[in-house]
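Trainee: Next up is a structure, given as structure tokens.
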Amino acid sequence: MPSRYHEVYGKSMRDPEAFWAEAAAEIDWIKPWDKVFDPSLGSFGQWFAGAECNTCYNCLDRHVERGRPGQPAIIYDSPITGKSASYTYKEVLARVNALAACLVDKGVTKGDRVIIYMPMIPEALMAMLACARLGAVHSVVFGGFAARELATRIEDAGPKAIVAASCGIEPGRVVAYKPLLDEAIELSAHKPEACFVLQREQAEATLIEGRDHDLGALMGEAMAAGRTVDCVPVKATDPLYILYTSGTTGQPKGVVRDNGGHMVALKWSMKNLYGIEPGEVFWTASDVGWVVGHSYIVYAPLLHGATTLVFEGKPVGTPDAGVFWRVISDHNVVSLFTAPTAFRAIKKEDPEGKLIGDYDLAAFRSLFLAGERADPDTLQWAEDKLGVPVIDHWWQTETGWAIAGNPLGLGLLPIKHGSPSVPMPGYDVQVLDDAGHPVPAGTLGNVVIKLPLPPGCLPTLWQAPERFRSSYLDEFPGYYKTADAGIMDEEGYLFIMARTDDIINVAGHRLSTGAMEEVLASHPDVAECAVVGITDKLKGQTPCGFVVLKAGVDRPTAEIEAELVRIVREKIGPVAAFKLAITVERLPKTRSGKILRATMRQIADGDAFKMPATIDDPGILDEIEDALKERGLAGST
């Protein structure tokens, strides 16, 4: 069908208040708003000022009351433990009521903060929804996060209670969470009044009398007693959650999400961007510790009356590179949303996609990628092997939903590989030079969003309004700074090339590492890659490419590296000064799959660096340093 995108986007730009008021009709409000948008509030205005609502009611109660009590709300699939389960909307509501009752019994009320420290299990979602039910502000910290990092979040959020699991389960190992939690509380100046621990059979935790409580036992008692807790009305502008994102100062930034605008934006996106109907199974293969998990594992699918899938596993190794296809087949998933790195891992293990043929994917109709730049080679591979639209889209922890995408629900626009397509309604995206002037189409610059931001985006940082302004608003007055560099072409398609920190300056030429990565990824032997700029006394910086080869490649690495140098020089030109490709076994990544390019650059330059809190496997950094030293590059770290 022809796309309605331009008509819809144009309306959102011409009359944003009318556009979002219409979208807000999809949400149940306790009290309507005084103003759709009040520019006098906060740093740049706030949406649905004066309205009252409850996010948990919109996610659960209304669906139980209006015809979906027996529909699955949450499907749990854990290839790591071999367990699976399905919970209807009615069953989830009963469990959320029980969990909320446990919190109430320990004094948690509206406005209190609750930290959630759990793996990918249904109770993590239920804890988030229980907080929303009470008007308490949840802050999910990725399960297994280091004690010191957890302590900084406890200190900043000041939680009355913490909800945790005794352990998380990774391929081949059990990660005990409780000792990390105990150490974090010991390190923190703030002490929570209560800790609720869900005991998992793989590693039961020792509870501290008086402070710690067995969550499973308490929930069981509350459910047996049929306890319910009323939804607490909150202002649309009140915080729903705090989600900490790494800050450049080393002090994490607490991104705040409001209740009202968040619900409106996410509900709109499910139908219009993702093309999902209520009742369908939508799977986001991420973690609730990340913003993607908050938005599209928990809130958006349930607001929409869809079924969400909670997956405790990995794209490869649990047990093989066919696990995604098995899950899609078993649960009739219509759309998958994951990070490009997951597909690069699958492609590396099963380059021909042979395992796809082992499963019935008849219900599957779309794949969405986000979280990092989707290189055209990976995107093309997924298109070829799956035969469905593969849609890259771009957004941030701060925005909570897509800044740019290709709206499947409005009718797909032509796909341009390497581009997350076009701005979504409400986002006035522009590209500026360093002085704040618009650049011509096709020119690399700073990607910014003209204020005000649409509903769903952060209104501020937790207890840090000045830091919010200095981080996002001050550099380009009147705009939100994304800190991404990119290009907008003549047709309005956006190309995100790198974080602005990853634009390298080679002999006075500003070059995108993303463009070089695109060339490297096109080589038939390369599974994934990363390019960083390393210090060069003559040129300022020179690019260095790290590549991981596909499984089964048995050619000499020196031969492949020489080919890579040649094709970058052919496709980008001698100006790139690309002379160094280094083959490594794996790349250092965060647990969400983002490549730690800044840390790799620091190792190459011999700079001191702080171990990234979100790193998946610290040992990889030693391998990177060894590979650099073999080329005479890594300084002492």
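Numbering (full-length UniProt numbering), first residue to last: 1 to 637. Glycine included, every Cβ here is placed at the ideal spot set by N, Cα and C. Because the structure is a prediction, the values reported are computed rather than measured.
1) If I follow the unbroken alpha helix (DSSP H) through W283, where does it start and stop?
2) Since I believe N58 is in contact with V234 (beta carbons under 8 Å), could you give me their beta-carbon distance rounded to a whole number of angstroms?
3) In angstroms, rounded to a whole number, what distance separates the CA positions of V323 and Y359?
4) Answer with buried or exposed for H6, where buried requires no fewer than 16 other C-beta atoms within 10 angstroms of its C-beta.
5) Contact between the region 575 to 591 and the region 611 to 630 is defined here as three or more beta-carbon pairs at a separation below 8 Å; is this criterion met?
6) When you compare the CB positions of V388 and F364, do they come within less than 8 Å of one another, or not?
7) Using 8 Å as the threshold, is the C-beta distance between L451 and Y480 below it?
8) With a cut-off of 8 Å on the beta carbons, I'd call R153 and P252 a contact; round off their distance for me.
9) Roughly how many angstroms lie between the CA atoms of I80 and E170, to the nearest whole one?
10) By how many angstroms is the C-alpha of A205 removed from the C-alpha of A176?
11) For S419, which three-state DSSP category applies?
12) Using 8 Å as the threshold, is the region 260 to 267 in touch with the region 134 to 147, meaning 3 or more CB pairs across them?
13) Quick check on the DSSP output: the beta strand (DSSP E) that includes D238 runs from which residue to which?
14) Taking 8 Å as the cut-off, decide whether the C-beta atoms of Y244 and H294 are in contact.
15) Cα-Cα, which of L444, A404, I534 and L410 is closest to D428?
16) Using a Cβ-Cβ distance under 8 Å, would C59 count as near chain C?
17) With three or more C-beta pairs closer than 8 Å as the rule, is the region 339 to 353 touching the region 100 to 120?
18) Quick test of your reading: G260 and T237, contact by CB under 8 Å. State the CB separation rounded to the nearest angstrom.
19) Give the secondary structure of K178 by DSSP, where H, G and I count as helix, E and B as strand, and everything else as coil.
20) Can the beta-carbon of A485 be found less than 8 Å from the beta-carbon of L520?
21) With contact counted as at least three CB pairs below 8 Å, one residue from each stretch, are the region 488 to 495 and the region 521 to 534 in contact?
22) Using DSSP's beta-bridge definition, name the partner residues of R4.
23) For A604 and I534, what's the separation of their Cα atoms in angstroms?
24) Quick check: the Cα distance between Y76 and H331, rounded to an integer number of angstroms?
25) Look at the alpha carbon of G317 and the alpha carbon of G552, and state the distance between them as a whole number of angstroms.
26) N58 by DSSP, collapsed to three states: which one?
27) Where A224 and E91 are concerned, what is the direct C-alpha to C-alpha distance, given to the nearest angstrom?
28) Indicate whether R569 and A576 have their beta-carbon atoms separated by less than 8 Å.
29) Can you find at least 3 beta carbon pairs, one from the region 367 to 387 and one from the region 413 to 431, that sit closer than 8 Å?
30) The alpha helix (DSSP H) spanning S329 covers which residue range?
31) Look at the Cβ atom of G144, then the Cβ atom of A339, and state whether they are nearer than 8 Å.
32) Which residue or residues does DSSP assign as beta-bridge partners of F196?
33) List the endpoints of the continuous beta strand (DSSP E) containing N97.
34) On the CB-based measure, 16 or more other CB atoms within 10 Å of its CB, does K83 come out buried or exposed?
35) Please classify T109 as buried or exposed, where buried requires at least 16 neighbouring CB atoms within 10 angstroms.
36) Run through the DSSP bridge pairs and tell me what C131 is partnered with.
Mentor: The structure says:
1) Element bounds for W283: not the alpha helix (DSSP H) but the beta strand (DSSP E), V281 to T284.
2) Between N58 and V234 the Cβ distance is about 12 Å, and since that is not below 8 Å, they are no contact.
3) Between V323 and Y359, the C-alpha separation is close to 10 Å.
4) exposed
5) Contact between the region 575 to 591 and the region 611 to 630 is present: three or more C-beta pairs spanning the two stretches fall below 8 Å.
6) yes
7) yes
8) 7 Å
9) 7 Å
10) 8 Å
11) coil
12) no
13) For D238, no beta strand (DSSP E) run applies, since DSSP gives it neither H nor E.
14) no
15) A404
16) No chain C appears in the structure shown, which is made up of a single protein chain.
17) no
18) At roughly 7 Å, the Cβ-Cβ gap stays under 8 Å, so G260 and T237 are in contact.
19) helix
20) no
21) no
22) In DSSP, R4 forms no bridge with anything.
23) 6 Å
24) 10 Å
25) Spanning the two alpha carbons is a distance of roughly 17 Å.
26) DSSP places N58 within a helical segment (H, G or I) once states are collapsed to three.
27) A224 and E91: Cα-Cα distance of roughly 13 Å.
28) yes
29) yes
30) V323 to H331
31) no
32) The secondary-structure analysis by DSSP pairs F196 across a beta bridge with V163 and H213.
33) No beta strand (DSSP E) holds N97; the alpha helix (DSSP H) holding it covers Y89 to D105.
34) exposed
35) exposed
36) In the DSSP output, where bridge partners are listed per residue, C131 has none listed.
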